[in-house]
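S.K.: Throughout, our numbering is defined as the position within the sequence shown, counted from one, plus 5.
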Amino acid sequence: MLVPYSRLFIGTEQAIAVSGGQVYVMDSTIGEVVSRCSILDGTVDKNSKAKGPIVAAAVNETSTHLLTVGENKIMTLWQLPELNLVNERHVVIELPKRPTGLAFTKDSQTILVSDKFGDVFSYPFDFVPPRTKPVHDEFSSHENPSDGQLVLGHASPLNAFLLTNDEKYIITADRDEHIRVSWYPQGYNIEMYCLGHRKYVSAIHIPSFATETLISGGGDPSLKLWDWMSGQCTSEIPIWEAVEPFVLMKSDKRKNSEEDDEEGGSAQKRKGKGKKSKKRAAKKAAQGNKNQGETAENDEEEEAVVIEEKVLVVNKIDSFQTGEVKTVLFSAVGVTALFGFRYPAQPIELFDFGHPVIDFTPDDSGRIWVSLDTSKSSSGGEPAADKTSFVQVTGSLELLQSLNENSVRDTKEKSLDFYADLKGMPKWSEPSKQAAAAEGDDDASESVDSSAATKSLTRREEARMKNKKNVIAKMQKMQSEPTEEKGKIGSVRSIEDVDGDDGEEKREAKRAKSEVGTANDMEVDTVA
């Protein structure tokens with residue numbers, strides 16, 4: 006079975022492909038393999054910990070250098086096309102945390118790395134090891150063995166970042182729905198926030214043909230277009246209706262049964278550490294065989310229920326222009342189709358490959374290259390082990406054939422989990438909320454049939470909902486009371502009465518969202 010390419014970089018002269026722990030450099034014209042290298046053979050750093058697949062990679066603007074980071078958090082700089090280490094003594098850098106993104110500045114003199122702690126560090130291209138060992142600071146959230154320069158930090162994990170075209174600003178997106186525009190390299194100066202997402206933001210992009218516009222996506226049922234300098238959301242592109250039919254990989258969410266929702270039930274059972282839990286375990290073991298039959302019966306009732314839920318995680322947004330046509334492309338984790346629309350806002354078009362899309366990249370000639378995980382198939386049958394990982398729509402390219410022929414065969418080495426974000430990104434809510442959000446109604450969860458909603462709520466949530474309804478009913482009753490009743494001593498006055506009766510202007514109503522576009526099949530006159 007073939008290991009999919011996790012990253013693709015297609016240039017006019019050479020193509021770089023990353024598969025597992027392997028890196029390939031190929032001639033873009035004839036498809037010949039120019040060089041290849043593996044971080045799994047121990048040649049890069051013999052004293053490092055066990056190697057793993059490459060989790061992040063980046064190529065500089067002139068395609069002269071490649072930057073990779075493995076699961077061991079070792080960052081390595083390669084010279085292209087020979088894949089030679091720039092300096093074997095100085096190239097290996099241990100990052101403080103697992104990276105979520107890599108980037109070069111335009112002059113290739115600075116390397117930027119974001120990590121799961123929410124920080125962005127910068128490193129000089131010519132690495133100089135520190136003369137003294139870094140001293141641990143008791144006020145730091147974590148150590149920084151790489152001696153990188155901190156640019157900025159978020160309070161939650163960073164999912165994506167990018168530099169603006171003029172490199173005066175750095176835009177970052179995190180798991181807590183925040184998009185921040187900061188100065189670069191003075192990241193402590195925050196210029197603007199782009200607020201409006203209700204779920205995590207996992208992908209951001211600035212089109213080369215519209216540098217004033219930021220496109221963002223994540224767990225929300227629509228992409229958002231921003232004037233990033235002013236923080237205003239200029240439009241929204243609904244996508245969930247088009248994406249949902251092609252979701253192949255679902256997230257397994259474990260939910261406690263209704264019996265566990267009682268006070269003192271699941272709360273104590275979920276705890277696995279501490280003296281109290283040890284005492285409970287010892288007490289339970291002492292009772293042992295006495296209540297063995299009853300215990301087995303109760304365990305069956307309290308067994309966790311596995312729920313499969315469709316989760317939206319937009320993992321990449323890109324764009325290209327052919328003539329006067331401006332196109333924006335995007336993909337999502339575990340989804341078998343590639344989606345796009347004509348900028349600025351046209352109906353969603355798509356092409357279904359039948360296998361989850363791992364990565365894609367448009368080249369300078371307007372062709373779209375797509376890497377697929379052929380071990381998973383939407384056909385319902387057995388996946389084809391030797392099926393090519395690229396789908397050719399039109400044309401015939403030697404590079405396409407070479408990429409498919411040189412795909413790494415499945416090995417015993419640890420493989421990259423392409424679908425980890427389906428569990429890691431969401432802050433788990435009830436499955437019905439995702440579908441309700443897709444309708445675009447902020448109060449959709451309240452419009453769900455009461456009998457169905459009651460089944461999905463715990464007893465504590467039911468009590469909170471009942472209390473909320475009582476408060477709303479009380480407020481409505483107060484608003485309907487006669488004026489003379491409101492003036493009595495001891496009566497509660499509404500907010501409108503407190504503000505006065507002089508007819509203060511009400512707040513301006515929110516702008517309506519853009520109309521939902523229809524999803525049509527995208528005519529792909531390219532190689533994918």
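Glycine included, every Cβ here is placed at the ideal spot set by N, Cα and C.
Note that the coordinates shown come from a computational prediction; the quantities given were computed from them, not determined experimentally.
Is the CB-CB distance between Ile79 and Val28 below 9 Å?
M.R.: Taking the first residue of the sequence shown as position 1, residue 79 is located at position 74. Taking the first residue of the sequence shown as position 1, residue 28 is located at position 23. Contact flag unset, no.
S.K.: Which residue comes first and which comes last in the alpha helix (DSSP H) that contains Gly339?
M.R.: Residue 339 sits at position 334 when you count from the first residue of the sequence shown. Per DSSP, Gly339 belongs to no alpha helix (DSSP H) and is neither H nor E.
S.K.: Could you say which of Glu18, Thr17, Met31 and Glu66 lies nearest to Ser412 if we only look at CA atoms?
M.R.: Here residue 412 refers to the residue found at position 407 when the sequence shown is read from its first residue. Among Glu18, Thr17, Met31 and Glu66, the Cα nearest to that of Ser412 is on Met31.
S.K.: If you follow the alpha helix (DSSP H) that Val248 is in, where does it begin and where does it stop?
M.R.: Residue numbering aside, residue 248 sits at position 243 when the sequence shown is read from its first letter. Here the alpha helix (DSSP H) through Val248 covers Trp245 to Val248.
S.K.: Would you mind sorting Glu241 into buried or exposed? The rule is 16 or more other CB atoms within 10 Å of its CB.
M.R.: Sequence index remark: in the sequence shown, residue 241 carries index 236 (1-based). Glu241 should be labelled buried.
S.K.: In three-state terms, what does DSSP make of Gln326?
M.R.: In the sequence shown, counting from the first residue as 1, residue 326 sits at position 321. The answer is strand: DSSP assigns Gln326 an E or B state.
S.K.: Mind reading off the beta-carbon distance from Asp426 to Val318? Whole number of angstroms is fine, and I expect it under 8 Å.
M.R.: Taking the sequence shown and counting its residues from 1, the one referred to as residue 426 is at position 421. Taking the sequence shown and counting its residues from 1, the one referred to as residue 318 is at position 313. Indeed they touch by this definition, with Cβ atoms about 5 Å apart.
S.K.: Consult DSSP for Ala443 and reduce its assignment to one of helix, strand or coil.
M.R.: Taking the sequence shown and counting its residues from 1, the one referred to as residue 443 is at position 438. For Ala443, the predicted model reports a pLDDT of 46, less than 50, meaning its position is unreliable; a value from the coordinates is still stated below. Helix, per DSSP.
S.K.: Is the beta carbon of Leu155 closer than 9 Å to that of Phe126?
M.R.: Indexing the sequence shown from 1 puts residue 126 at position 121. Indexing the sequence shown from 1 puts residue 155 at position 150. Contact flag set, yes.
S.K.: Flag this pair as yes or no: are the beta carbons of Ile184 and Ile175 separated by less than 9 Å?
M.R.: Here residue 184 corresponds to residue number 179 of the sequence shown, with the count starting at 1. Here residue 175 corresponds to residue number 170 of the sequence shown, with the count starting at 1. Not a contact, by the Cβ cut-off of 9 Å.
S.K.: Return the Cβ separation of Lys376 and Tyr10 in integer angstroms, given the expectation that the two are a contact with Cβ distance under 8 Å.
M.R.: Here residue 376 refers to the residue found at position 371 of the sequence shown. Here residue 10 refers to the residue found at position 5 of the sequence shown. The sequence given here has Ser at residue 376, not Lys. Between Tyr10 and Ser376 the Cβ distance is about 4 Å, and since that is below 8 Å, they are a contact.
S.K.: Is Glu302 helix, strand or coil by DSSP?
M.R.: The residue given as residue 302 occupies position 297 in the sequence shown. In this predicted model, Glu302 has a pLDDT of only 49, less than 50, meaning its place in the structure is not dependable enough to derive any value.
S.K.: What are the residues that DSSP puts in a beta bridge with Ile353?
M.R.: Stepping through the sequence shown from its first residue, residue 353 is reached at position 348. Partner(s): none; Ile353 has no beta bridge.
S.K.: Kindly give me the distance between the Cβ atoms of Ser40 and Pro86, rounded to whole angstroms, as I take these residues to be in contact under 8 Å.
M.R.: The residue labelled residue 40 in the question sits at position 35 within the sequence shown. The residue labelled residue 86 in the question sits at position 81 within the sequence shown. With a Cβ gap of about 6 Å, Ser40 and Pro86 count as contacting.
S.K.: Is it buried or exposed for Thr366, if we count other Cβ within 10 angstroms and need 16 for buried?
M.R.: Numbered from 1 along the sequence shown, position 361 holds the residue referred to as residue 366. By the 10 Å Cβ count, Thr366 comes out buried.
S.K.: Return the chain-ordered list of same chain residues with a C-beta closer than 6 Å to the C-beta of Leu200, the five sequence neighbours on each side being excluded.
M.R.: To locate residue 200, count along the sequence shown from 1; it is residue 195. Answer for Leu200: no residue qualifies.
S.K.: Do Val248 and Gly223 have their beta-carbon atoms positioned less than 9 Å apart in this structure?
M.R.: Taking the first residue of the sequence shown as position 1, residue 223 is located at position 218. Taking the first residue of the sequence shown as position 1, residue 248 is located at position 243. Cβ distance not < 9 Å, so Gly223 and Val248 don't count as in contact.
S.K.: Is it buried or exposed, Met430, if we count other Cβ atoms within 10 angstroms and call 16 or more buried?
M.R.: Counted from its first residue, the sequence shown places residue 430 at position 425. With 16 or more other Cβ atoms within 10 Å, it is buried.
S.K.: Please classify Ile15 as buried or exposed, where buried requires at least 16 neighbouring CB atoms within 10 angstroms.
M.R.: As a first step, residue 15 is located in the sequence shown; it is residue number 10 there, counting from the start. By the 10 Å Cβ count, Ile15 comes out buried.
S.K.: Where does Asp368 land, buried or exposed, given buried means 16+ other C-beta within 10 angstroms?
M.R.: Here the question's residue 368 lines up with position 363 in the sequence shown. Result: buried.
S.K.: Helix, strand or coil for Ala468, going by three-state DSSP, please let me know.
M.R.: The residue given as residue 468 occupies position 463 in the sequence shown. Three-state DSSP puts Ala468 in a helix.
S.K.: If you reduce the DSSP assignment to three classes, tell me which class Ala20 lands in.
M.R.: On the sequence shown, position 15 is the one that residue 20 refers to. The answer is strand: DSSP assigns Ala20 an E or B state.
S.K.: Tell me Ile220's beta-bridge partners as DSSP assigns them.
M.R.: If you number the sequence shown from 1, residue 220 lands on position 215. For Ile220, which the question treats as bridged, DSSP gives the partners His210 and Leu230.
S.K.: Comparing C-alpha positions only, which one of Gly153, Met234 and Pro226 sits nearest to Trp188?
M.R.: Position 183 of the sequence shown, counting from 1, holds the residue named residue 188. The shortest Cα separation from Trp188 among Gly153, Met234 and Pro226 belongs to Met234.
S.K.: Below 9 Å between beta carbons: does that hold for Pro212 and Lys331?
M.R.: Position 207 of the sequence shown, counted from the start, is the residue given in the question as residue 212. Position 326 of the sequence shown, counted from the start, is the residue given in the question as residue 331. Taking 9 Å as the Cβ cut-off, Pro212 and Lys331 qualify as a contacting pair.
S.K.: What does the alpha-carbon distance come out to for the pair Gln351 and Pro243?
M.R.: For this step, residue 351 is matched to residue 346 along the sequence shown. For this step, residue 243 is matched to residue 238 along the sequence shown. Distance between the alpha carbons of Gln351 and Pro243: 10 Å.
S.K.: Glu182: which of Ser221, Glu329 and Asp171 sits nearest, CA to CA?
M.R.: For this step, residue 182 is matched to residue 177 along the sequence shown. Here the closest residue by C-alpha is Ser221.
S.K.: In the DSSP assignment, find the alpha helix (DSSP H) that holds Glu410 and state where it starts and stops.
M.R.: Taking the sequence shown and counting its residues from 1, one reaches residue 410 at position 405. Its alpha helix (DSSP H) spans residues Glu403 to Glu410.
S.K.: In three-state DSSP terms, what is Phe14?
M.R.: Indexing the sequence shown from 1 puts residue 14 at position 9. Here Phe14 sits in strand by DSSP.
S.K.: With DSSP as the reference, please indicate the residues paired to Tyr193 in a beta bridge.
M.R.: What you label residue 193 is simply residue 188 of the sequence shown in a count that begins at 1. Its beta-bridge partners do not exist; DSSP assigns none.
S.K.: Are the beta-carbon atoms of Glu313 and Ser256 separated by less than 9 Å?
M.R.: Working through the sequence shown from its first residue, we reach residue 313 at position 308. Working through the sequence shown from its first residue, we reach residue 256 at position 251. In contact: Glu313 and Ser256 (Cβ atoms closer than 9 Å).
S.K.: Pick from Phe356, Gly25, Thr17 and Gly36: whose alpha carbon is nearest that of Leu408?
M.R.: The count along the sequence shown starts at 1 and reaches residue 408 at position 403. The shortest C-alpha separation from Leu408 is found at Gly36.
S.K.: Going by CA-CA distance only, name the one from Val316, Arg347, Ala342 and Val338 that's closest to Ser324.
M.R.: Here residue 324 corresponds to residue number 319 of the sequence shown, with the count starting at 1. Out of Val316, Arg347, Ala342 and Val338, Arg347 has the C-alpha closest to the C-alpha of Ser324.
S.K.: Apply the 10 Å Cβ neighbour rule to Ser382 and answer buried if 16 or more other Cβ atoms are within range, or exposed otherwise.
M.R.: On the sequence shown, position 377 is the one that residue 382 refers to. That one is buried.
S.K.: Are the Cβ atoms of Gly371 and Leu355 separated by less than 9 Å?
M.R.: Sequence index remark: in the sequence shown, residue 371 carries index 366 (1-based). Sequence index remark: in the sequence shown, residue 355 carries index 350 (1-based). In this structure, Leu355 does not lie closer than 9 Å to Gly371 by Cβ.
S.K.: Alpha carbon to alpha carbon, how far is Tyr193 from Thr34? Give it in angstroms, no decimals.
M.R.: What you label residue 34 is simply residue 29 of the sequence shown in a count that begins at 1. What you label residue 193 is simply residue 188 of the sequence shown in a count that begins at 1. Computed Cα separation, rounded: 45 Å.
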